[in-house]
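Asks: Handing you a structure now.
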Amino acid sequence: MTDVLRQLAYDHLRHDNVRFPPKIEQKTLQVAALTFGVGLDHLEGERVIAVLDESVYAKTAGAIMSVFNDRLDCEYFGGLVVTDRHLVGGDPPEAVPLDRITGARVTGSVFRKLEVLGQTRNKSYVLESDKEVAAFVNALVQYPPHARVAAPRALVAPTADDPTGVLAEMNELGAGDARAVQLMALPAALRSRVAAVTSDLALDLASRAVLYARTLNAGRAMKNGLWISALPGPDLLAVLGRMLGRPVYQQPDPQGSLEVRFHWDGSVAKALLDSAVGLTVLAVAGVGWTMWPERSVISWRLTPFGPFTGFQLKAITGQRGNPFDQGEDLKLRQLMHDTLQVHEGRALLLRMIFGWGAPLEQLFQSQQADVAAKMQELVGYSDLSAFFPGQKVDKSHDGLRPDIQAAVDAAIRAEQQKTPEQRNAAARSAWQKAVASGTLDAMEDAALSLQHAQLYDDAIRAYQHILERFPEEGASTARSLGDCHLFQALYAPSGPTPAHLPTLDTALRWYAHAVERGAATEHVEENFWEACRALSEVAPAEQRAQFLLYYRSSYPAGAHRPDADARLAKLGVR
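Sequential numbering of the sequence shown, starting at 1, is according to the numbering used here.
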């Protein structure tokens, strides 16, 4: 159903305020979750379909109100988030399930209001894009309720080719945050190199890494009214102590939850933001304000949630408890969540490479150089600076033994001193040796080296040779052949020209062949779009639309559908 929802959104949510993945900034979704107090259900794979970001109007209103109330100078989101399960937003904010909606209408003229009609009650929104949302909702309700909501998607789905189940998530998130990429790659590396890391442990670590990656990408997860952390309870408690100091109160309840309270005042806030992590939150997450929230205590209620931990947050003044809502409480919520996110990533890294034996408080004392050395011992060198904000990176120590480092440096220098002709000759020689070896892996590596050297004609011949000898590899080889033809045009000295029309057309045919042979469409789509886009720019004017329409018909819910629609609109085609 997710693809149908995307297509309906592309067709109807055509407004300047609307953004679609992947052109939605991570920070936008994080601020939206905290503003609304409603997070996505990452545990079951809830995905964002579109964001109607009308924060500019909310900020204008906030600027007016701040004349009378200076507690409103915080980041907040105004608008609506459309997911494959809910409409999230409104005042008061809530997540309205898509399968409980019966229709929508816009009322009023000067002061318009969007009403989303429900089975038991209606929900009102004030949006600039109200007519577009109403059209989307009314198209959606043409489908039966059970067909409007996407099926649950597990955090990880192991396969024979992907034992930890993270590859699909890594492909979907792309480069993303360095911490997410490294944490998702670690479980598989540890499983293959460290005997103590069993399949079950690798899956557990992979689940935590994927949950953290989704948190970075789309805001903190929420389930059954609880924010969800990828850490187990004792580790989350240790992180809170690192953030806020010694608790002033701890009390378990019969349901298994633990209430933990911390003293809070301006001095605690200043100490938190003056720390290395706090300064990173200011610089990266953007949380900062001139007036400290005035509360006496912050209370965290921690609840076990499978291998993870759910939590609720509230501020307490005297005998009165206030859930975090707006104004000063929203500022405090942002600070807590953003700071937690920074510590959470380092805690997961420490657990992956040092294990679960030692208390997290002890592991947090590890210096960056010690962590890097342990990482080198387990899986090889990695740049861990993203996990240690505010710390200087020691460029003289990267975890490699001096003799190994010297050999690596010498190899790099030797490669840099080669002429292009020498590098090309080396790539061609490697291909000949690979053919002589007769092994698929060697030939694929050598063909890829030819491709990286931009010897595309040689690479095309190499991949065609592989396709003849190993026809069962048709999907991946056809995709590589499409890439070689595409790159011949994209990386030509003058860029794509009309002379490249046959080359680009051949690339499209190879991509179609790859999909026919079983290649995952999401792995092919990016370069398929690049070929269609280039063809639409260099083809004769009367033919340009056909390539954009070809992309749209091949990927009606593809990530580049909005770009294709915009280009078609300029050509006068709907």
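Quick reminder that beta carbons are idealized off the backbone N, C-alpha and C, glycines included.
Can you tell me whether DSSP reads P163 as helix, strand or coil?
Replies: Within the sequence shown, the letter at position 163 stands for residue 163. P163: coil per DSSP, three-state reduction.
Asks: Tell me whether R517 sits in a helix, a strand or coil according to DSSP, three-state version.
Replies: In the sequence shown, counting from the first residue as 1, residue 517 sits at position 517. R517 falls in the coil class under three-state DSSP.
Asks: Can you look up K331 in the DSSP assignment and give me helix, strand or coil?
Replies: Along the sequence shown, one-based indexing puts residue 331 at 331. DSSP places K331 in helix when its eight states are reduced to three.
Asks: Is Q119 helix, strand or coil when you go by DSSP?
Replies: Working through the sequence shown from its first residue, we reach residue 119 at position 119. Note: Q119 maps to coil in three-state DSSP.
Asks: State the start and end residues of the unbroken beta strand (DSSP E) segment that holds R301.
Replies: If you number the sequence shown from 1, residue 301 lands on position 301. Looking at the DSSP string, the run of the beta strand (DSSP E) that includes R301 is 297 to 305.
Asks: Give a yes or no on whether the C-beta atoms belonging to V51 and R6 are separated by under 9 Å.
Replies: Here residue 51 refers to the residue found at position 51 when the sequence shown is read from its first residue. Here residue 6 refers to the residue found at position 6 when the sequence shown is read from its first residue. Their beta carbons are not under 9 Å apart, which means V51 does not touch R6 by this criterion.
Asks: Just list the residues that DSSP pairs K223 with in beta bridges.
Replies: To locate residue 223, count along the sequence shown from 1; it is residue 223. Partner(s): L226.
Asks: Taking one C-beta from the segment 94 to 101 and one from the segment 134 to 143 each time, how about it: are there three or more such pairs within less than 8 Å?
Replies: Touching, yes.
Asks: Check this for me: beta carbons of A531 and Y555, under 9 Å apart or not?
Replies: By one-based count along the sequence shown, residue 531 stands at place 531. By one-based count along the sequence shown, residue 555 stands at place 555. No, Cβ-Cβ distance for A531 and Y555 is not below 9 Å.
Asks: With DSSP collapsed to three states, give me the class of Q454.
Replies: Your numbering for residue 454 matches position 454 in the sequence shown. The answer is coil: DSSP assigns Q454 none of H, G, I, E or B.
Asks: In whole angstroms, what separates the C-alpha of S55 from that of M170?
Replies: Residue mapping note: residue 55 aligns to position 55 of the sequence shown, counting from 1. Residue mapping note: residue 170 aligns to position 170 of the sequence shown, counting from 1. Cα to Cα, S55 sits roughly 30 Å from M170.
Asks: Please state whether the Cβ-Cβ distance between G165 and L216 is less than 9 Å.
Replies: Position 165 of the sequence shown, counting from 1, holds the residue named residue 165. Position 216 of the sequence shown, counting from 1, holds the residue named residue 216. Result no, Cβ atoms of G165 and L216 do not sit closer than 9 Å.
Asks: So does the segment 368 to 375 actually touch the segment 245 to 260, counting three or more Cβ pairs closer than 8 Å?
Replies: No: fewer than three Cβ pairs fall under 8 Å.
Asks: Any heavy atom of the ligand ATP within a distance shorter than 8 Å of the CB on H500?
Replies: Annotation note on the ligand ATP: not contained in the displayed structure, which lists no ligands.
Asks: Starting from F77 and walking both ways along the beta strand (DSSP E), at which residues does that stretch end?
Replies: Against the sequence shown, residue 77 aligns to sequence position 77. It is not in any beta strand (DSSP E) - F77 carries neither H nor E in the DSSP assignment.
Asks: Report the three-state DSSP secondary structure of R19 (helix, strand or coil).
Replies: To locate residue 19, count along the sequence shown from 1; it is residue 19. It is a strand residue.
Asks: Any idea what DSSP makes of H560, helix, strand or coil?
Replies: Residue numbering aside, residue 560 sits at position 560 when the sequence shown is read from its first letter. It is coil, neither helix nor strand.
Asks: Helix, strand or coil for Q432? Go by DSSP, reduced to three states.
Replies: Locating residue 432 in the sequence shown gives position 432, where the first residue counts as 1. In this structure, Q432 counts as helix in the three-state DSSP scheme.
Asks: Work out the CA separation of A478 and G286 for me, nearest whole Å.
Replies: Walking along the sequence shown from the start, residue 286 turns up at place 286. Walking along the sequence shown from the start, residue 478 turns up at place 478. Unreliable positioning characterises G286 in this predicted model, as indicated by a pLDDT of 47, which lies under 50. A coordinate reading is not provided.
Asks: Between the Cα of L330 and those of T35, T2, A147, Q368, spot the shortest distance and give me the residue it belongs to.
Replies: Counted from its first residue, the sequence shown places residue 330 at position 330. With distances taken between Cα atoms, L330 lies closest to T35.
Asks: Based on DSSP bridge pairs, tell me the residues matched to Y249.
Replies: The residue labelled residue 249 in the question sits at position 249 within the sequence shown. Partner(s): R261.
Asks: Helix or strand or just coil, what does DSSP make of D41?
Replies: Against the sequence shown, residue 41 aligns to sequence position 41. Coil, per DSSP.
Asks: I need the boundaries of the beta strand (DSSP E) containing H86, first residue and last residue.
Replies: Sequence index remark: in the sequence shown, residue 86 carries index 86 (1-based). Taken as a continuous stretch (DSSP letters only), the beta strand (DSSP E) holding H86 covers 86 to 89.
Asks: If you draw a straight line from the alpha carbon of R561 to that of R193, how long is it in whole angstroms?
Replies: For the purposes of this step, residue 561 is taken as the residue at position 561 of the sequence shown. For the purposes of this step, residue 193 is taken as the residue at position 193 of the sequence shown. Taking the straight line from one Cα to the other gives about 42 Å.
Asks: Which residues does DSSP list as the beta-bridge partners of E94?
Replies: In the sequence shown, residue 94 corresponds to position 94, counting from 1. Partner(s): G89.
Asks: Check the C-beta distance from L384 over to A427 and give it rounded, since I have them as a contact under 8 Å.
Replies: Locating residue 384 in the sequence shown gives position 384, counting from the first residue. Locating residue 427 in the sequence shown gives position 427, counting from the first residue. The pair is not a contact, with the Cβ atoms about 33 Å apart (cut-off 8 Å).
Asks: At the level of alpha carbons, what is the spacing between E537 and L571?
Replies: In the sequence shown, counting from the first residue as 1, residue 537 sits at position 537. In the sequence shown, counting from the first residue as 1, residue 571 sits at position 571. Approximately 11 Å, taken between the alpha carbons.
Asks: Where V38 and E526 are concerned, what is the direct C-alpha to C-alpha distance, given to the nearest angstrom?
Replies: The residue given as residue 38 occupies position 38 in the sequence shown. The residue given as residue 526 occupies position 526 in the sequence shown. Spanning the two alpha carbons is a distance of roughly 32 Å.
Asks: Rounded to whole angstroms, what is the Cα-Cα separation between M352 and F364?
Replies: Walking along the sequence shown from the start, residue 352 turns up at place 352. Walking along the sequence shown from the start, residue 364 turns up at place 364. The straight-line gap from Cα to Cα measures roughly 13 Å.
Asks: So is P187 buried or exposed if we call it buried at 16+ other beta carbons inside 10 Å?
Replies: For the purposes of this step, residue 187 is taken as residue 187 along the sequence shown, with counting starting at 1. It is buried - the Cβ of P187 has at least 16 other Cβ atoms within 10 Å.
Asks: Is it buried or exposed, P389, if we count other Cβ atoms within 10 angstroms and call 16 or more buried?
Replies: Mapped onto the sequence shown, residue 389 falls at position 389. With 16 or more other Cβ atoms within 10 Å, it is buried.
Asks: In or out: V573 buried (at least 16 other Cβ within 10 Å) or exposed?
Replies: Reading the sequence shown from its first residue, position 573 is the one you call residue 573. By the neighbour-count rule (16 or more Cβ atoms within 10 Å), V573 is not buried but exposed.
Asks: Taking all protein chains shown into account, do 16 or more other C-beta atoms lie within 10 angstroms of the C-beta of Q362, making it buried, or fewer, making it exposed?
Replies: In the sequence shown, the residue the question calls residue 362 occupies position 362. So Q362 ends up on the exposed side.
Asks: Look at E94 and R105 and say whether their C-beta atoms are less than 9 Å apart.
Replies: Locating residue 94 in the sequence shown gives position 94, where the first residue counts as 1. Locating residue 105 in the sequence shown gives position 105, where the first residue counts as 1. No, Cβ-Cβ distance for E94 and R105 is not below 9 Å.
Asks: Relative to the alpha-carbon of G438, which residue among E468, G103, N424 has its alpha-carbon at the smallest distance?
Replies: Within the sequence shown, numbered from 1, the residue matching residue 438 stands at position 438. Of the candidates E468, G103, N424, the one whose C-alpha sits nearest the C-alpha of G438 is E468.
Asks: How is I466 classed by DSSP in three states: helix, strand or coil?
Replies: Against the sequence shown, residue 466 aligns to sequence position 466. Three-state result, I466: helix.
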